[in-house]
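Numbering (our numbering), first residue to last: 89 to 247.
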């Protein structure tokens, strides 16, 4: 038995590493880069080629440079097979652990349905991230102080 695809976002990794899929925006391309990134190539953007699509913006430094976190919600969190899980940590402890590690890219609660217990931390490519209106899962992305101060950051927030 096969199941029909409801959205282009149903395909694993549609928007590539560090891309986020949003099928609710029917008038625009479904893929965007996460807040501290931008498309590597404008020609790839227009061709909708999302493989290896998003790159760090010039001048962005992600370690001990007054970075902070941006909450994206509601989201389908990235592929959890590459995340580290610790069910003993609260969400605040999860943030603290992520803040202390320069390779931390993002964190989220491991179990939202039980009041936000546990911790998921990503240190590698964020793949298969998606705006998802069916559930409320918050994803916290580590961003540089320059990005935090950007007035246009609100366009990335899915609140």
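Beta carbons are placed, not taken as given, at the ideal position from N, Cα and C, and that holds for glycine.
Contacts around residue 246, its chain only, beta-carbon distance under 8 Å, and the 5 residues preceding and following it disregarded | Confidence in residue 246 is poor, its pLDDT being 43 and thus under 50, which makes the residue's placement too unreliable to answer from.
Following the continuous alpha helix (DSSP H) through residue 197, name the residue where it begins and the one where it ends.
-> Taken as a continuous stretch (DSSP letters only), residue 197 belongs to no alpha helix (DSSP H), being part of the beta strand (DSSP E) at 194-199.
Report, in whole angstroms, the separation of the C-beta atoms of residue 156 and residue 236, which I expect to be a contact under 8 Å.
-> 5 Å
DSSP state of residue 108, grouped into three classes?
-> strand
Sufficient close CB pairs (3 or more, under 8 Å) joining the stretch 171-183 to the stretch 193-205 = Enough Cβ pairs lie closer than 8 Å, so yes.
To the nearest whole angstrom, what separates the beta carbons of residue 165 and residue 225, a pair I think is in contact under 8 Å?
-> At roughly 6 Å, the Cβ-Cβ gap stays under 8 Å, so residue 165 and residue 225 are in contact.
In this structure, does DSSP put residue 231 in helix, strand or coil?
-> strand
So what's residue 126 in DSSP terms, helix, strand or just coil?
-> Secondary structure at residue 126: strand, using DSSP grouped into helix, strand and coil.
In the DSSP assignment, what are the bridge partners of residue 144?
-> 125
Just tell me which of 190, 207, 168 and 230 has its CA closest to the CA of residue 151.
-> Taking the Cα of residue 151 as reference, the smallest distance to any Cα among 190, 207, 168 and 230 is reached at 190.
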